[in-house]
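Per the numbering used here, the sequence shown starts with residue 722, numbered consecutively.
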Amino acid sequence: MIENRTHVVSQAINFTEQIVSKRAFWVFTFALLIAIGAQIEIPNQPVPFTLQTFFVLLAGALLGKRAGALSMTMYLMLGAAGLPVFSGGAFGLAKVIGPTGGYLLSFPVAAYAVGSLTRIRGEYWWFLISMAIGSLIIFTIGTIQLNLVYMHHWAHSIQAGFLLFSWWDGLKIVAAAAIAYSYFHRMKMH
722 MIENRTHVVS QAINFTEQIV SKRAFWVFTF ALLIAIGAQI EIPNQPVPFT
772 LQTFFVLLAG ALLGKRAGAL SMTMYLMLGA AGLPVFSGGA FGLAKVIGPT
822 GGYLLSFPVA AYAVGSLTRI RGEYWWFLIS MAIGSLIIFT IGTIQLNLVY
872 MHHWAHSIQA GFLLFSWWDG LKIVAAAAIA YSYFHRMKMH
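Encoded structure:
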């Protein structure tokens, strides 16, 4: 009897360790993916074109609100600690509090929002709306910090930090929504 209970407890612990290990793997993987996305850039001043927001949206949708936000927080911590994970190989707290730091700081918030919203409905159009809201969070916080720290002119900040990127992020929203929707649709079928 005791041997049987010990076996059940052992299996439960093993199962829990597997879940935690799998989740930690994906959290770390998305932190790395966003670091890679930061290096795929088209230089532009003061804000470069990158693939970062694509991975922020995917992290929220695929990992869920908590794990998605955690992966983005891990990414920020890696950069703040001195690893060259930010766009252009930049690193350190100066990047986080600099002109483009608002975009970076918004990543956990956006991933959390997308992770929450994509769990409400399973339709593709809802995934598009969820991703658009996530992007809007990123651009709002990013543009505010860009204006306060660097440009000091709202019209110029909105032009340079938001409007210029709307077409590029529209493409990333459509792609991220398609991937996330496809993933969830396939999971339902199995």
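Beta carbons: idealized from backbone N, C-alpha and C, even for Gly. Small disclaimer: the values here were computed from a predicted structure and weren't measured.
Query, Result
"Should I755 be labelled buried (16 or more other beta-carbon atoms within 10 Å of its own) or exposed?", "buried"
"Round the Cβ separation of I850 and A834 to the nearest angstrom and send it over; I've been treating them as touching at under 8 Å.", "Between A834 and I850 the Cβ distance is about 11 Å, and since that is not below 8 Å, they are no contact."
"Contact between the stretch 873-880 and the stretch 807-814: three or more CB pairs below 8 Å?", "no"
"Once the 5 residues before and after T864 are set aside, which same chain residues still bring their CB inside 8 Å of it?", "G823, S878, I879, G882, F883"
"Look up A901 in the DSSP assignment and say whether it is helix, strand or coil.", "helix"
"Hey, how far is the Cα of Y821 from the Cα of V748?", "Before going further, note that residue 821 is Thr rather than Tyr in the sequence given. Looking at the two C-alpha atoms, the distance is approximately 23 Å."
"Are the Cβ atoms of I900 and S856 separated by less than 8 Å?", "no"
"Let me check understanding here. Comparing Cα to Cα, which of G813, R842, R907 lies closest to G800?", "G813"
"Measuring CB to CB, does F770 end up less than 8 Å from E762?", "yes"
"Please state whether DSSP places I858 in a helix, a strand or coil.", "helix"
"Can you tell me whether W747 sits near the ligand ATP, meaning its C-beta is under 7 Å from at least one heavy atom of the ligand?", "Among the components of this structure there are no ligands whatsoever, and the ligand ATP is therefore not found."
"Mind checking P764: buried by the 16 CB within 10 Å criterion, or exposed?", "exposed"
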